[in-house]
Structure formats: C-alpha cells, structure tokens
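The next block holds one structure in the form of structure tokens; read it before the comments.
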Amino acid sequence: MTATFYATTPIFYVNAEPHIGHAYTTILVDVAARYHRLAGDDVRFLTGTDEHGEKIAKAAEAAGTTPQAYVDQVSQQFRDTWDRLGITYDGFIRTTESRHQKIVQDVLQRVYDQGDIIYGEYGGLYCVKCERYYTEKELEDGKCPQHDLEPEYRSEANYFFRMEKYRPWLKEQLETNPNLIRPEGYRNEVLAMLREPIGDLSISRPKERVPWGIPLPWDEDHVTYVWFDALLNYWSDLESQGLDDRYWPHVQHFIAKDILKPHGVFWPTMLKAAGIPLFQHLNVHGYWLVEDRKMSKSVGNVVRPLELEQRYGNDAFRYFLLRDMSFGLDASFHELGLAERINADLANDLGNLLNRTLGMLGKYRSGVVPSFGPLTAEDEALRDAFTSLPNAVMREVEGLHFDRALAMVMEAVAAANKYVSDQKPWELAKDEAQSERLDTVLRGCLEALRCASILLDPVMPGKMQELRAQIGVSGDVILDDASHWERLEAGSATEPGEPLFPRVDLEALKATMDVAGGSEEASEAAAPALEHKPEITIDDFAKLELRVGTITAAEDHPNADRLWVLTVQVGPETRTVVSGIKAHYTAEQLVGTTVILVANLAPVKLRGVLSQGMILAAEDAEGNLSLAGLDRSLPDGSEVR
RNA sequence: GGCGAUGUAGCUCAGCUGGUUAGAGCGCACGACUCAUAAUCGUGAGGUCCGGGGUUCAAGUCCCCGCAUCGCUACCA
13 MTATFYATTP IFYVNAEPHI GHAYTTILVD VAARYHRLAG DDVRFLTGTD
63 EHGEKIAKAA EAAGTTPQAY VDQVSQQFRD TWDRLGITYD GFIRTTESRH
113 QKIVQDVLQR VYDQGDIIYG EYGGLYCVKC ERYYTEKELE DGKCPQHDLE
163 PEYRSEANYF FRMEKYRPWL KEQLETNPNL IRPEGYRNEV LAMLREPIGD
213 LSISRPKERV PWGIPLPWDE DHVTYVWFDA LLNYWSDLES QGLDDRYWPH
263 VQHFIAKDIL KPHGVFWPTM LKAAGIPLFQ HLNVHGYWLV EDRKMSKSVG
313 NVVRPLELEQ RYGNDAFRYF LLRDMSFGLD ASFHELGLAE RINADLANDL
363 GNLLNRTLGM LGKYRSGVVP SFGPLTAEDE ALRDAFTSLP NAVMREVEGL
413 HFDRALAMVM EAVAAANKYV SDQKPWELAK DEAQSERLDT VLRGCLEALR
463 CASILLDPVM PGKMQELRAQ IGVSGDVILD DASHWERLEA GSATEPGEPL
513 FPRVDLEALK ATMDVAGGSE EASEAAAPAL EHKPEITIDD FAKLELRVGT
563 ITAAEDHPNA DRLWVLTVQV GPETRTVVSG IKAHYTAEQL VGTTVILVAN
613 LAPVKLRGVL SQGMILAAED AEGNLSLAGL DRSLPDGSEV R
C-alpha cells in the first residue's frame, strides 16, 4: 500500500534573483519528495513563480521591456537555479499562465456569488494629513490626535474578502488539529493572531493603477491583488490538470516563517470560503542567519551561501543545510561550520569508510565482491544497525526532523567504522585460515555502504549514485533495498574512484578568512542604481529651514520604546524633537551632539508627544544610521543652506 | 508598549508527557592501530542547564518575577 505525498514550496516573487531563503525551502521539499519517492509513495512536488503586481510592472519598465518578457526571463532564472541544485519538482506553475488565471477567476466568482467578497465601502474616518484611516477609538473628541482635525469619511475603491467571518472556524480547526501548523510554536502564533479580529482582506487594486494582474471576473476595472492570485496556485496547478482528487487530500505546504500570516490565516479562510478542503499541514521553517565575515560591515562582505554551494558541491551543501538546521528554528550559516561538517561527516566518516573498504578489497580480493560466511554477533549487530533504519528515517522525515534522520544514518556509519577497527581485516588477511572471515567482514562493509547510500540518496543524489557505482551497483534503488543486507552480487567487480568527498583544508580556510576579511569580494558587488525623486528647483529647496542645533537632553518616550524625546537648543529657542533613533544612539552619545534640524517642519504629535522638527541622519541599505553634523564648530541656531 | 521565540560543555545544538551520577557532534589532551582522504578506534578534561523565587518525594523539564538576544507589531516627520 503506497501513500500519497503532495508538497509545495511558496511560489517565488520574481522581483529578485533566487537566494538562500528560496533555495532552502525548495531543497527541503525536494528532499522530502525524494524520500517519499524512494519509499514508493505517489509524489507530487510543486513550485513556481509569482509574476503579477505593480513592482514587476515597474521593474519591467525600468529594464526597458514588457512585463511578460521580464517575468519570462526571471522565472527561467529560478528554474535554472533549481536545475543546478538538483531539484526534482513535478510541477512548475506560473501565475501568468492562462490555466491559473482561469481558475483564479472561477474561484473569485464563486466566492463573490456567495457574498463573501464585497465592495470596499468600509472605508472609514480618514485624516487627510495623516493619509490614513482611524477607528473611533483612536480619535480624540472625534478628531485626529495628531492634527486635531475632523477626519472625513472616505471609502476605498477595493474589494474585500470577508475573512473575519471565518475566524471562529479557523480557530476551531487549529484547536482540534494540533498538527495543522507545525512546529507547535507557529501554531501558537497563529492562534494568537486569531484572538483578536483579523479584519477583512483587501483583494483587489484598480486596474488603472496596476494593469499587470488578473481582472476580477465581475468588474474589469479591478485586478486581483496578490492573495487570491498567488496562494491559489497550490490548487490551480492540480485542478487545471484534473489531479485534484488524487493529490489535494494530501497537500502540505512548506514555508519560511516570514509568510506565516498569509498561509496560516488568509489561505485557510480562503479555502473555506471557496469550498475547498483545508490543507493537511503547514510546515514552517526558520531562517538561515548569514553572518558577516570578520570585521568589515561594508556591502559585499557578506558570505553568499549560493556561492558556497558551487565551491563545496551541491550534495555537501544540501547535506549541511538539512543536517545543521532543526526544523522551525533559526540556524546560523558559517562557511567554517559547513567545512567542518563536510570533513567530519562526509570525508572522515562516510567517504573514508568507502575508501578504506575498497582499498582493502582491492588489496586482498582484487576488488571483487565476496560472499558472506556465517555471521557472528558483531556482524549481525552491524546489519541490524542499518536494516532498521529505513523505517526510523522515514518516521523522522515525516515529522520534519531531517537533522535527526541524518544523524541516525551517520551513527550507523560510525558503527561501521568501529566494526572495521574491531574486526581488523588487515590481520585476518595475514592468515589464510581466516579467509572466509575476511570475506564476511569486507562484505559487511560493502553492504553497510550500500545501505547508507540509499538512506542518504534523497539528500545527496549525485554523490550517493557515485558511491554505488564504486561498489558496483547501478540502476535505480528503492528504500526497501536498505532493509535487506544481502543485495550485492558476489563476484561482481567494484570500481574504486576518486575520494567521494575531499577534505577541506580548514587551516587554509581560516587563513583566507583572516586575511581577506571580505575585501576581495567587496569590490565586485555592483551597487544597485540609485532611485531618484522628482527634480526640484532652488525655490523648492529654499522652503526648507535647516538649522544647527545642540542636543541638551534625551529622555525616554512615555509611550513608545523606540523613540527618544530630545531637547534641542537652536540659538535662543529650545525645541522638543521626537526621533526614532533609539536603536542606534544612547542618551550619552546624543547629549552634547551637534545636529541639523529641519526647523520649519509642521509640529506633529508622535504617540502623544509634540515634536517640533526633525533631525537629519543618513541611513545605508542595511539600516545603519549616522547623524548629520558639522565638520567644524558653529554656534547653534546657524542656518544650513 | 503588545505578542512570540530563544538562552544547556570552547563551538553548533539534542533533551517528548518532570524521575537514576545532564547528553551528542565538532574542537582539545592522551593512548591504540595502520586498511584508509594526517583518516579510524578508545579514554579523558570541560557545564551554578541565563538569574531569583515557588510547586513537588523529585525540575534543564511545571508556575511566577526578572535579565539578555532575536523576530513580528505599534511607532520611527
């Protein structure tokens, strides 16, 4: 009896090139899919690209091309990357495909017809100066708390999905099914979101503003905004091919934690409204925290994991990613950690087991696979260590504990190394009377390698096939082959080759990291083009009144923990300025500092404190701040022009 | 401020429903072996399980109060 496995990655937004985040999710699903295929399950693995929206239309324009040509190109880039990483997706869906668009429209129409999509007359009380809506509660005496203005009633010209209506239902689903979202921490987060109203969801944009999208079937002036377009891919891919009966009942999604809300809240309510059964699992993983190299923080200094994939090889890279992250938690990505993992597990333990086995086999048995003699207790222990693994490994894979699954296999490999030391084939070889014993020991090592190669095949498909080739096994394998000990053919020839996983020279690596400090790559990181604002005239600029000021005090904001309430001396005037630089400057650093103040900015209340001006600071792409000042001392109050 | 996560050996982390002297891998020290990619095998050193209270016969594991780091969020004129 075979099971069915249908897993998805998110479809990736094509406004940027693939990076480690995309790659990790995709590799994860690939590994899971490969394990299930190995187990004989009916598998479907879906990925794809999300190709609509304003950003893409603009990016295409900037690139001097049409949106379609643009998304064709970037989507292809994703597929090229997946090919390089050995991703075996069964389906690749693009939101610009007509099969997808048609189904999105069908579903929208259905949900609309049953009254769950309404025109956005919600609107509400809108403060023109703030450019935002206020709830009754937020207003002070019916007026905007910032501008003391009477807000006006406005309605957005959008359609809304009545999501709030399904909140109790979703809550109940989560409460009755603890495995719906896993690991548990993320389930709790979603439950927390559902404790308070989730509101209705804006699902459209005016076509005149965003022409690059799927038109609403009942209103050609609006296009679908992201959610119904993107999320429905998981369903549309199946339905458009008549595969929904076969796979949908088994669907599970894999995502990174940053898109928990759309998948944990929006998506299930959308499914409910559309009359589509809920998914089985939403599997949420953490981030790879990619650390800066030593010292410098300059751009381009960052280790780019996908470059390391090419340097260390795809299989080793996949192994590292799966082995060193426990599902759901964040993990840190160090090149040194990757290298150490490769040496310890792959080169020293597994690779060397192959090497020493084939070495002895060549020396003592001309490289020919021997037969087993009678098995001793030690032989049986080794056998059992491996043949019990397929079930255990699958169990861990199903529970998303890929790290544990791999650790279990490597434990068995370590046991095989110990077996070699204990049995000492090199001594058996010296005694003709021990010939059968030597056969048995060498054969045991070969079987261990064969089993390991199957158990690790989903993670390192290329290298494991290579391993099997070296021990004389060709063709496809199935997981069950690893449950049996005597699957090699006695008398067949082995074909020793290059070491499977060359050791990484850690000393040399450390040396380059110390010396380079990242500078080598810094220069080649092309700075992205600057985005410019509309040109202004000198008269526009003259409207600004910039003055030198001195910070005389910095106090905590009573009602916000990321804001400073600064007292700034500007000549004869003393101003209060609320500033969001608390994460970057301490009070000690600020007091006495000379700053440049926008002195004629309209005062504004920020969380209850009146701010009379704004302090200038520079901010880089990574969010680092530096206050603008003067390079020689001038009295405060001086004007800056 | 609200919500949440994390904090266990030098490093990376396991420790499910509380139960014998707290674990693994790497690194380190010493020893063994020599078939092997200076690999392997064995032994050992090393921990106030963030801190403080509490519940219990018993707490890394449950409760309360803190601290630190991170994330989301409010906010950043």
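Its first residue numbered 13, the first sequence is counted upward by one per residue in our numbering. Don't be surprised by glycine CBs; every beta carbon is placed ideally from N, CA and C.
(request) Pick helix, strand or coil for Ala614, following the three-state DSSP scheme. (result) The residue you call residue 614 lines up with position 602 of the first sequence. Coil, per DSSP.
(request) Could you give the DSSP three-state label for Gly225: helix, strand or coil? (result) The residue given as residue 225 occupies position 213 in the first sequence. Of the three classes helix, strand and coil, the one that applies to Gly225 here is coil, per DSSP.
(message) Along the chain, where does the beta strand (DSSP E) containing Gly60 start, and where does it finish?
(response) Sequence index remark: in the first sequence, residue 60 carries index 48 (1-based). Element bounds for Gly60: 54-62.
(message) Considering only DSSP beta bridges, list what Trp576 is partnered with.
(response) As a position in the first sequence, residue 576 is number 564, starting the count at 1. The partner list for Trp576 (beta bridge, DSSP) reads Asp568, Ser591.
(message) I'd like to confirm something about Lys522: is its beta-carbon nearer than 7 Å to some heavy atom of the ligand ADP, or not?
(response) Only the bare structure without any ligand can be found here, which leaves the ligand ADP out of the picture.
(request) Provide the residue(s) that pair with Glu501 in DSSP beta bridges, ordered along the chain. (result) Residue numbering aside, residue 501 sits at position 489 when the first sequence is read from its first letter. For Glu501, which the question treats as bridged, DSSP gives no partner whatsoever.
(message) Helix, strand or coil, according to DSSP, for His48 in the structure here?
(response) Here the question's residue 48 lines up with position 36 in the first sequence. Looking at His48 - three-state DSSP - the assignment turns out to be helix.
(request) Report yes if the CB atom of Asp415 is closer than 8 Å to the CB atom of Ser465, and no otherwise. (result) Here residue 415 refers to the residue found at position 403 of the first sequence. Here residue 465 refers to the residue found at position 453 of the first sequence. Against a cut-off of 8 Å, the Cβ pair of Ser465 and Asp415 comes out as no contact.
(message) Need the endpoints of the beta strand (DSSP E) that Tyr18 sits in, please.
(response) Residue mapping note: residue 18 aligns to position 6 of the first sequence, counting from 1. From DSSP, the beta strand (DSSP E) with Tyr18 extends over 16-20.
(message) Looking at His8: is its Cβ nearer than 8 Å to the Cβ of Val55?
(response) Here the chain has residues from 13 to 653 only, and residue 8 is not among them.
(message) Once the 5 residues before and after Leu206 are set aside, which same chain residues still bring their CB inside 8 Å of it?
(response) As a working mapping, residue 206 is identified with position 194 in the first sequence. Excluding sequence neighbours, Leu206 sits near Arg179, Leu182, Lys183, Leu186, Val277.
(request) Indicate the three-state DSSP secondary structure (helix, strand or coil) for Phe173 in the structure shown. (result) Locating residue 173 in the first sequence gives position 161, counting from the first residue. Reduced to three states, the DSSP call for Phe173 is strand.
(request) With DSSP collapsed to three states, give me the class of Thr562. (result) Residue 562 sits at position 550 when you count from the first residue of the first sequence. Of the three classes helix, strand and coil, the one that applies to Thr562 here is strand, per DSSP.
(message) I'd like the span of the beta strand (DSSP E) that includes Tyr131, first residue to last.
(response) Looking up residue 131 in the first sequence gives position 119. Segment 129-131, the beta strand (DSSP E) holding Tyr131.
(message) Taking 8 Å as the threshold (C-beta atoms), are Gly349 and Asp357 in contact?
(response) By 1-based counting over the first sequence, the position of residue 357 is 345. By 1-based counting over the first sequence, the position of residue 349 is 337. No, the Cβ-Cβ distance between Asp357 and Gly349 is not below 8 Å.
(request) Give the DSSP-derived three-state secondary structure of Arg106 in the structure shown. (result) Counting from one through the first sequence, the residue named residue 106 turns up at place 94. Strand at Arg106.
(request) Closer than 7 Å by C-beta to Leu333: which residues in its own chain qualify, once you throw out the five before and the five after it? Chain order, please. (result) Taking the first sequence and counting its residues from 1, one reaches residue 333 at position 321. Excluding residues within five positions, the ones whose Cβ falls inside 7 Å are Tyr36, Ile39.
(request) Quick one: grab the DSSP three-state call for Met422. (result) Position 410 of the first sequence, counted from the first residue, corresponds to residue 422. The answer is helix: DSSP assigns Met422 an H, G or I state.
(message) Assuming Asn326 is part of the alpha helix (DSSP H), what are its boundary residues?
(response) Position 314 of the first sequence, counting from 1, holds the residue named residue 326. Here the alpha helix (DSSP H) through Asn326 covers 326-335.
(request) Output yes or no for whether 8 Å exceeds the beta carbon distance between Ala44 and Ala19. (result) Numbered from its first residue, the first sequence carries residue 44 at position 32. Numbered from its first residue, the first sequence carries residue 19 at position 7. Yes; because the gap between Cβ atoms is below 8 Å, this pair is in contact.
(message) Here's the rule I'm using: 16 or more other beta-carbon atoms within 10 Å means buried, otherwise exposed. How should Ile215 be labelled?
(response) Within the first sequence, residue 215 is the residue found at index 203, counting from 1. Buried, because 16 or more other Cβ atoms sit within 10 Å of the Cβ of Ile215.
(message) Given this structure, state the Cα-to-Cα distance separating Ala502 from Arg323, to the nearest angstrom.
(response) Within the first sequence, numbered from 1, the residue matching residue 502 stands at position 490. Within the first sequence, numbered from 1, the residue matching residue 323 stands at position 311. Spanning the two alpha carbons is a distance of roughly 38 Å.
(request) May I have the straight-line CA-CA distance separating Val238 from Thr108, to the nearest angstrom? (result) Working through the first sequence from its first residue, we reach residue 238 at position 226. Working through the first sequence from its first residue, we reach residue 108 at position 96. Between Val238 and Thr108, the C-alpha separation is close to 12 Å.
(request) Would you kindly report the start and end of the unbroken alpha helix (DSSP H) that includes Pro473? (result) What you label residue 473 is simply residue 461 of the first sequence in a count that begins at 1. Note, Pro473: alpha helix (DSSP H), 473-482.
(message) Given this structure, state the Cα-to-Cα distance separating Gly60 from Val380, to the nearest angstrom.
(response) Along the first sequence, read from residue 1 onward, the residue named residue 60 stands at position 48. Along the first sequence, read from residue 1 onward, the residue named residue 380 stands at position 368. Computed Cα separation, rounded: 47 Å.
(request) Please name the residue in Arg619, His31, Val453, Arg217 whose C-alpha comes closest to that of Asn170. (result) Here residue 170 refers to the residue found at position 158 of the first sequence. When only C-alpha atoms are compared, the closest one is Arg217.
(message) Once DSSP output is grouped into helix, strand and coil, what is the label at Gln664?
(response) Because the chain spans 13 through 653 in this model, residue 664 falls outside it and cannot be assessed.
(request) Since I believe Ile105 is in contact with Leu318 (beta carbons under 8 Å), could you give me their beta-carbon distance rounded to a whole number of angstroms? (result) For the purposes of this step, residue 318 is taken as residue 306 along the first sequence, with counting starting at 1. For the purposes of this step, residue 105 is taken as residue 93 along the first sequence, with counting starting at 1. Not a contact, Cβ separation roughly 23 Å.
(request) Would you tell me roughly how many angstroms separate the C-alpha atoms of Pro473 and Asp488, rounded to the nearest one? (result) Locating residue 473 in the first sequence gives position 461, counting from the first residue. Locating residue 488 in the first sequence gives position 476, counting from the first residue. Approximately 11 Å, taken between the alpha carbons.
(request) Evaluate contact between the segment 191-202 and the segment 90-106, counting only Cβ atoms and requiring at least three cross-stretch pairs below 8 Å. (result) no
(request) Kindly confirm or deny that the segment 441-449 and the segment 417-427 touch, where touching means at least three C-beta pairs closer than 8 Å. (result) no
(request) Give the DSSP bridge partners of Asn295, in chain order. (result) As a working note, residue 295 is residue 283 in the first sequence. Its beta-bridge partners are Arg194, Phe266.
(request) Using the Cα positions of Gly197 and His293, report the straight-line distance between them to the nearest angstrom. (result) As a first step, residue 197 must be located in the first sequence, where it is residue number 185. As a first step, residue 293 must be located in the first sequence, where it is residue number 281. Cα to Cα, the separation comes out at about 14 Å.
(request) Would you kindly check if the distance between the Cβ of Val603 and the Cβ of Gly625 is under 8 Å? (result) As a working mapping, residue 625 is identified with position 613 in the first sequence. As a working mapping, residue 603 is identified with position 591 in the first sequence. No. Outside cutoff.
(message) Quick check on Thr236: does DSSP put it in helix, strand or coil?
(response) Stepping through the first sequence from its first residue, residue 236 is reached at position 224. In this structure, Thr236 counts as strand in the three-state DSSP scheme.
(request) Report yes if the C-beta distance between Ile271 and Pro22 is below 8 Å; otherwise report no. (result) The count along the first sequence starts at 1 and reaches residue 271 at position 259. The count along the first sequence starts at 1 and reaches residue 22 at position 10. A contact, by the Cβ cut-off of 8 Å.
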